[in-house]
Amino acid sequence: MAGACVASPLCTWLVAACVTGAWDKEGPKGVQWARKRRAAVRRGRESSKGLISAFYGSGIQGLMSSFEPCPEFYSSSRNASVFFGENGFSLFGAWKPENSRSQRRATRSPAGQAMAVAVTPAKEVAGKKRTPTKQRRVVVTGMGVVSPLGHDPDVFYDNLLEGASGISEIETFDCASYPTRIAGEIKSFSTDGWVAPKLSKRMDKFMLYLLTAGKKALAYGGVTEEVMSQVDKTKCGVLIGSAMGGMKVFNDAIEALRVSYKKMNPFCVPFATTNMGSAMLAMDLGWMGPNYSISTACATSNFCILNAANHIIRGEANMMLCGGSDAAIIPIGLGGFVACRALSQRNNDPTKASRPWDIDRDGFVMGEGAGVLLLEELEHAKQRGAKIYAEFLGGSFTCDAYHMTEPHPEGTGIILCIEKALLESGVAREDVNYVNAHATSTLSGDLKEYQALIRCFGENPELHVNSTKSMIGHLLGAAGAVEAVATVMAIQTGWVHPNVNLENPEESVDVKVLVGSRKKKLNVKAALSNSFGFGGHNSSILFAPYK
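Mind the numbering: the sequence shown is residues 96 to 642 in our numbering, read in order.
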């Protein structure tokens, strides 16, 4: 009975939240409308937040106070003690039934008006109108990368423009018995000057890649010790995720456990978790702002980048290091993807193995590394004299809700994600002339994404699409961030990199849309970067030249 009484207000709140949602289908007219459109969308959202807006400022206590237990609940001392303790104590403060019941009854709306109260505008619920704030713009002021094609954004992108391949035979362990023996493996990597030697010996490679790329992003962004001493570190955050986390550390712990728990590395648990990379980087920098990680398989980086930007837009941070890192080229990682039958077996010609949209593709190629963007609030960046590489316009997430590993046959989730990203960022579809596609070189994934892109941008004759994975393989949770670096570099240089190994394109693919085997000059107006992950996670983010 008590459960039903608690659930009823919850259902009312959820239904009210759904009822108040608004969807504006009016499309923008040009990229110059982007900032106005984003502001308009958010103003529209403010007017329809209803009860949710009231809770936003007061935290979860405001939400919990809306759950009104029924009389039977109060009459049962057993129920009361279970929820609130013997003395009426709750997680959200002291509970006084003699006051709360009478006070709430006095202000309660008549029966049948619960929905009307739930959808009342925020200014009436809170009793005060929120002061409008100017839209905070987010820009990219730094980049860091650790990849099979280099550990500096300029070197990395120069290699991409040249069509170089970072895919080769695996050397870190003996994989002669595996059907796949190739990967985008990092052959040379040093943490000297970036990570303390003592930690470097204990940490998983995904964490070492993350820390190095994060600090390199700061260096690339001109964040010197002097700048660090002047910034408000309570407004600086880290949001760098990982799809697989510390697989090597965890695997080593399992092997040690076969002998005895006494042989286990005492750091095996914290160094295996995906959040610890962001935490360790924040500890090193003293950054006390938003700090966590997101893990949504191969869409991880885009989720982290968009959420980091939202922290800046909401005023919770002025600077955010964001992106992803993964290092899963180890026996258990390779074996797991082999078991999924997802990997290419073109072992005799590694550089030709990753071939998005080519009819002879036979699966993706694993890669490893990290990518980190330094996002910053525009005025904050200008005040410190930072170089601005691009502006982050916005993005979106959706879920296919269809299958663990296969894309939706109609590409529904991808199309919805792209459309929502355009709406959120206020960018007209005709102004998107460059797409860095997710395209992993899988049989179904490449075509479904291509069909979604044509559905969304098919009438744009200036559209250019390429896949960074054709040269570095699939970096899993780091893929989106490394590809975001490539996207920003395309904006900076005015060149988009080629699609290598596209020798025999699928018949349904228009080669005029895809970048050819050589780099191409392009004045990027607005660029879209897609990342999709196992579980049906879809993400799209947009960048443009800063103006």
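Yeah, the Cβ is synthetic: ideal placement off N, Cα and C, and Gly gets one too.
These numbers come from a predicted model, not from an experiment.
Looking at the backbone, the Cα of residue 477 and that of residue 491 are separated by about 27 Å. For a cut-off of 8 Å, the C-beta gap from residue 516 to residue 635 is around 4 Å, short enough to register as a contact. Residue 342 sits close to residue 422, with the two beta carbons spaced by under 9 Å. Remark: C-beta atoms of residue 412 and residue 480 do not approach each other more closely than 9 Å. Around the C-beta of residue 299, 16 or more other C-beta atoms lie within 10 Å, and the residue is accordingly described as buried.
Secondary structure at residue 471: strand, using DSSP grouped into helix, strand and coil. Linking residue 547 to residue 585 through their CA atoms gives a straight-line distance of about 22 Å. Secondary-structure assignment with DSSP links residue 242 through a beta bridge to 245.
Within the DSSP secondary-structure output, residue 415 pairs in a beta bridge with 332 and 470. The secondary-structure analysis by DSSP pairs residue 623 across a beta bridge with 530 and 637. Under the DSSP assignment, residue 368 falls outside any beta strand (DSSP E); it carries neither an H nor an E label. Cβ-Cβ distances below 8 Å link residue 352 to 358 and 359 in the same chain, with the five nearest sequence neighbours on each side left out; the list follows chain order. With a cut-off of 8 Å on Cβ pairs, the region 539–546 is not in contact with the region 563–574, counting fewer than three such pairs.
Residue 448 is positioned such that its CB atom lies no closer than 9 Å to that of residue 265.
In the DSSP annotation of this structure, the continuous segment of the alpha helix (DSSP H) that includes residue 508 starts and ends at 507–520. Between the C-alpha atoms of residue 615 and residue 581 there is a straight-line separation of about 14 Å. Contact between the region 284–292 and the region 450–459 is absent, with fewer than three C-beta pairs closer than 8 Å. Put simply, the backbone Cα of residue 394 is about 20 Å away from that of residue 235. Here the region 426–444 makes no contact with the region 550–562; the two share fewer than three CB pairs at distances below 8 Å.
Comparing alpha carbon positions, the residue from 466, 505, 622 and 369 closest to residue 522 is 622. The C-alpha of residue 549 is placed about 13 Å away from the C-alpha of residue 529. In the same chain as residue 391, and ignoring 5 residues on each side of it, the C-beta atoms closer than 6 Å to its own belong to 398, 628 and 632, in chain order. The three-state reading of DSSP puts residue 264 in strand, counting E and B together.
Rounded to the nearest angstrom, the gap between the Cα atoms of residue 420 and residue 310 is 13 Å.
Judged by DSSP in its simplified three-state form, residue 420 adopts strand. The DSSP-derived three-state label of residue 425 is coil.
Under the three-state reduction of DSSP output, residue 359 falls in the coil class, being neither helix nor strand. CA-CA distance, residue 363 to residue 427, rounds to 16 Å. Beta-bridge analysis with DSSP links residue 375 to no other residue. For a cut-off of 8 Å, the C-beta gap from residue 373 to residue 386 is around 5 Å, short enough to register as a contact. Here the C-alpha atom of residue 560 lies approximately 28 Å from the C-alpha atom of residue 316. In this structure, residue 470 keeps its C-beta atom at 9 Å or more from the C-beta atom of residue 383. DSSP, reduced to helix, strand and coil, places residue 284 outside both helices and strands of the structure shown, so it counts as coil. Residue 307 and residue 267 have their C-alpha atoms spaced approximately 20 Å apart.
With at least 16 other beta carbons inside 10 angstroms of its own, residue 248 counts as buried. If only uninterrupted beta strand (DSSP E) runs of at least 3 residues are considered, those enclosed by the region 553–608 are 559–561.
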